[in-house]
Amino acid sequence: MRTYLCAFGLLAALLGAAPAHAQFSNRSLGLSLGYMDFKKTAGLEGTPFFGLEGSLYIENGFEVVSLSKLLFPVDTYATPEKRVIGLAPSLGIRYLLFEESIRPYIGTDVSYLIVFKDSVSNFVGLGPNVGVDFFVTDTVSLGVRGQYNFYLALNEDTQTSLTGSVGVAAYF
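Residue numbers for the sequence shown follow this note's numbering, beginning at 3 and rising by one.
Given below as C-alpha cells:
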C-alpha cells in the first residue's frame with residue numbers, strides 16, 4: 003500500500019508540475035569612464051568624466067537606461083581659464099539588437115547638463131547613442147558606448163558634445 007501511495011504521489015507531482023521558465027537578469031548597475039568633447043562651444047573644452055549607470059530590461063529587447071556623469075571641463079571664457087564642475091544626468095531607452103553574450107544596441111537619451119562656473123549654465127538635450135556590451139560572466143559585462151548630444155539653453159549657443167565611454171556593469 004505504501005508503494006502505491008509513493009507512486010501515486012510521484013505521478014501527481016510529475017503531472018502537476020509547471021513548465022520551467024528561464025530567469026534572466028534584467029537590472030544592472032555599473033561604472034563608466036569616458037570623454038566628452040564639447041568642441042569649445044559655450045566656452046567648454048573636452049573633459050574626461052566618471053559615470054554611474056543603470057538599466058532595467060522592459061520587454062522585447064527594450065531597456066530603460068540612465069547614465070549620470072560627473073565632469074570637470076575647462077571654462078575658456080574665464081580669465082584665467084579654470085576647471086569647473088559639471089553634472090550630466092540622462093534617461094533614455096535602447097534597443098538590444100541581440101540578447102546573447104554580445105549585446106549591440108542603439109538608443110536615445112534625454113540629457114541635462116549643468117555646469118557650475120561664475121554663472122551656472124543649464125542645458126537640456128537629446129542624443130542618439132550606439133554601443134555594445136560583452137558579457138564576461140553570467141552577471142558581469144564590459145561595454146563601449148558612443149553618443150552625440152544636442153544641448154539647448156535660453157540665451158546660449160546650441161551646445162553639442164561627442165561622448166565615448168567604457169564601462170563595467172553587474173546584472174541582478
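Just so you know, even glycine gets a beta-carbon here, dropped at the ideal spot from N, CA and C.
A quick note: this is a predicted structure, and the numbers were derived from the prediction, not measured.
If you look at F125, you'll find it in the beta strand (DSSP E) that goes S123 to F137. D120 sits exposed, since fewer than 16 C-beta atoms from the chains shown fall within 10 Å of its C-beta. Apart from the 5 residues on each side of it in sequence, G32 sits with its Cβ closer than 6 Å to the Cβ of E55, G169, V170 and A171 in its chain, given in chain order. For P91, the enclosing beta strand (DSSP E) begins and ends at I87 to L98. Under DSSP, T160 takes part in no beta bridge, so it has no partner. Between F125 and L89, the CB-CB gap reaches or exceeds 8 Å. DSSP lists V126 as the beta-bridge partner residues of Y114.
The Cβ neighbour count for L73, taken over all protein chains shown within 10 Å, is at least 16; the residue is labelled buried. In the assembly as shown, F100 is an exposed residue. Its beta-carbon has fewer than 16 other beta-carbons within 10 Å. Contact check for K71 against F51 passes: the beta carbons are separated by less than 8 Å. Under the criterion of beta carbons closer than 8 Å, T110 and G127 do not qualify as touching, at roughly 11 Å. For the pair L98 and E65, the CB atoms are nearer than the 8 Å cut-off.
Looking at the DSSP output, T49 shares a beta bridge with M38. According to the DSSP assignment, K71 belongs to the beta strand (DSSP E) that extends over F64 to L73.
Check the Cα spacing between I87 and each of Q149, E47, L156 and G129: the tightest is with E47. DSSP, read as helix, strand or coil, puts A171 in strand.
In the three-state reduction of the DSSP assignment, T165 falls in the strand class.
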